[in-house]
Structures are given as C-alpha cells and as structure tokens.
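The opening residue of the sequence shown carries number 1 in the UniProt record's numbering; numbering runs sequentially from there. These notes are about the structure you will find just below.
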Amino acid sequence: MAYFKSLPSYMCNSYQVRTDDDGPYGNDETRCFLLTTFSYLTKTTMACVVCRMDMLVYDKYPLINGTFFLSSESYDGCAIELSKQQQQQYLNAVCIGCMNAKTRKIVCKFCRKEWKGNSLVIGSMYNYDIFGAMSCCSQRFNCRKCGNPTRDFPPKDGRFFCFSDCTKMATCGRCGLEAQHSIKPLAAVFDDVIVNNNNNNDNNKNNNNNNNLENNSAVGCKSESKNESKREDD
Ligand SMILES: [Zn+2]
Ligand SMILES: [Zn+2]
Ligand SMILES: [Zn+2]
Numbered sequence: 001m002a003y004f005k006s007l008p009s010y011m012c013n014s015y016q017v018r019t020d021d022d023g024p025y026g027n028d029e030t031r032c033f034l035l036t037t038f039s040y041l042t043k044t045t046m047a048c049v050v051c052r053m054d055m056l057v058y059d060k061y062p063l064i065n066g067t068f069f070l071s072s073e074s075y076d077g078c079a080i081e082l083s084k085q086q087q088q089q090y091l092n093a094v095c096i097g098c099m100n101a102k103t104r105k106i107v108c109k110f111c112r113k114e115w116k117g118n119s120l121v122i123g124s125m126y127n128y129d130i131f132g133a134m135s136c137c138s139q140r141f142n143c144r145k146c147g148n149p150t151r152d153f154p155p156k157d158g159r160f161f162c163f164s165d166c167t168k169m170a171t172c173g174r175c176g177l178e179a180q181h182s183i184k185p186l187a188a189v190f191d192d193v194i195v196n197n198n199n200n201n202d203n204n205k206n207n208n209n210n211n212n213l214e215n216n217s218a219v220g221c222k223s224e225s226k227n228e229s230k231r232e233d234d
C-alpha cells in the first residue's frame with residue numbers, strides 16, 4: 001500500500017479511501033463486477049483518462065490508485081465498453097494524481113474553474129459521470145451537437161441543483177438532440193495543465209512501487225505491454 005501511505009494523513013481514512021466491501025460476506029457488487037470484467041478481458045490495468053497513466057487493478061479495496069466511473073462517454077481509447085440496458089456505457093478511470101491536481105489539473109475552458117476530484121472516494125467506482133456531475137457553469141450544458149444553451153446554471157429560480165440533475169437527459173431547443181449535454185469529450189470542455197515534471201516522475205515511481213505490493217494482488221495474469229507502449233506515445 002505504498003501509494004496510500006504517501007497520502008496526507010487526513011486522507012487515510014475509510015471515507016477518502018475505500019478499504020472494504022459493502023456487501024455481506026465480502027460479496028460486494030462493485031468489486032465483483034469489476035473483477036469479472038477485467039478477468040474476462042484479461043486486462044490488469046486501466047489508463048487514467050486525463051494523464052493516460054496506466055494503473056494496476058487490484059482484487060481488494062482500494063481497487064485502483066484513483067477511481068473508476070461509468071459514463072455514456074468513452075473519454076479515452078482505453079475506456080471499456082459495457083452495454084447496460086439500452087444505453088451504451090463505458091467504464092473510465094481517473095488516477096489519484098489527477099483527482100488531486102498533483103499530476104495535471106484540468107480547468108474549465110469557459111469559466112476557468114478547476115475540476116477537483118479530491119472529494120471523491122479513492123479505490124472504488126462511481127456509477128455516474130464524475131466530470132458531467134461536477135459541472136461548473138451554464139456553458140457546460142450547451143448542446144453537444146449545435147452548442148445551443150440547454151439550461152441555466154445555477155438555476156435562475158434559485159432551486160437546489162444536485163449532481164444528478166447535471167447529468168440528466170435534456171432536449172436541445174434548437175436542433176432537438178436529446179442527450180446528457182454536460183457529458184462531452186474532455187478536450188471540448190477543459191484545458192489540461194501539466195502541474196510539473198517532478199510530480200509526474202513521483203507518480204510513475206509510485207506506480208512502480210505498487211507493482212511490488214504484497215497485500216494487494218493485481219487482477220488477472222496477462223501483462224499489458226500494449227498499454228505500456230501506448231503510454232509512452234502520449
Ligand atoms: Zn491521471
Ligand atoms: Zn465552467
Ligand atoms: Zn442542439
């Protein structure tokens with residue numbers, strides 16, 4: 001658990017880092033779903049959609065050095081396609097460095113507010129889009145197709161606007177597209193700022209340390225040399 005030991009002490013608690021199963025007898029749905037998916041695909045790693053760093057996937061909580069999330073958007077070529085009911089869904093992940101703006105920070109193109117994932121639980125999975133759900137300004141809700149505004153943010157009537165409202169389906173008044181308009185490719189919404197190279201090196205070092213973990217074994221057994229080389233390209 002070398003990486004988690006390097007976290008500031010205020011983050012080392014079960015609210016910030018997921019350390020155990022929710023379900024009785026260790027039969028946790030999220031963990032089972034992820035382990036089944038990764039072993040079916042014979043994958044052991046998942047790339048961060050922001051910095052593209054590969055993260056090992058573990059068979060115990062915390063399942064990843066970051067967080068998984070489900071979205072209708074495939075944010076990266078490495079996102080895993082899932083089909084859930086009629087709607088297409090993708091499994092994406094963000095690394096701990098990008099969640100805490102240690103590796104890269106991403107800033108809204110429109111209002112310049114920084115996206116921060118430091119309130120998210122590390123090592124688990126969110127069943128909603130963590131970028132769309134944490135929208136910062138009305139431009140984030142502009143139509144995916146024609147750019148027409150689809151809603152006011154914050155609402156003009158002053159009512160409470162919760163995170164699930166942010167990812168609701170809405171119909172564009174101009175082109176008629178019905179979509180989750182707050183969910184768009186990262187490059188359409190954010191400017192990506194590399195914090196500094198030292199942090200990047202630290203992050204890679206920590207990732208290597210995690211290859212030697214004794215208590216948390218990686219899922220599956222096939223090495224992912226393909227993903228390793230992809231990371232070099234980026
Ligand atoms: Zn990252
Ligand atoms: Zn904004
Ligand atoms: Zn439109």
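All residues carry an ideal CB built from backbone N, CA and C; glycine is no exception. Note that the structure is a prediction, hence the values are computed from the model and not measured.
**OP:** Use the C-beta contact count for R18: other C-beta atoms within 10 angstroms, 16 or more gives buried, fewer gives exposed.
**Re:** buried
**OP:** Locate the alpha helix (DSSP H) running through residue 322, then write down its first and last residues.
**Re:** With the chain covering only 1 through 234, there is no way to say anything about residue 322.
Original post:
Is DSSP giving Q89 helix, strand or coil here?
Top reply: strand
Subject >> Any non-hydrogen atom of ligand 2 closer than 7 Å to R151 Cβ >> reply: no
Original post:
By how many angstroms is the C-alpha of I96 removed from the C-alpha of T44?
Top reply: 17 Å
Original post:
With 16 other CB atoms within 10 Å as the buried threshold, where does M169 fall?
Top reply: exposed
Subject >> Beta-bridge pairing of A170 - partner residues as DSSP gives them >> reply: A179
Original post:
For ligand 3, which residues have a Cβ under 6 Å from at least one heavy atom, in chain order?
Top reply: C143, K145, C146, N148, C172, R174, C175, L177
Original post:
Since M125 contacts F68 with CB under 8 Å, what's their CB separation in whole angstroms?
Top reply: 4 Å
Original post:
From this set, V121, L120, C136, Y128, which residue's C-alpha is nearest R112's C-alpha?
Top reply: C136
Original post:
Where T42 and N142 are concerned, what is the direct C-alpha to C-alpha distance, given to the nearest angstrom?
Top reply: 38 Å
Original post:
Where do the N-terminal and C-terminal ends of the alpha helix (DSSP H) with V107 fall, by residue?
Top reply: That residue, V107, is in no alpha helix (DSSP H); its beta strand (DSSP E) goes 104-108.
Original post:
Are the Cβ atoms of L91 and L70 separated by less than 8 Å?
Top reply: yes
Original post:
What is the C-beta distance between C146 and C175, in whole angstroms, given that I count them as a contact (C-beta under 8 Å)?
Top reply: 4 Å
Original post:
So M53 packs on I64, CB below 8 Å; how close in whole Å?
Top reply: Contact flag wrong, Cβ pair sits at about 11 Å.
Original post:
Where does the unbroken beta strand (DSSP E) through M53 begin, and where does it stop?
Top reply: Run containing M53: none; DSSP gives neither H nor E here.
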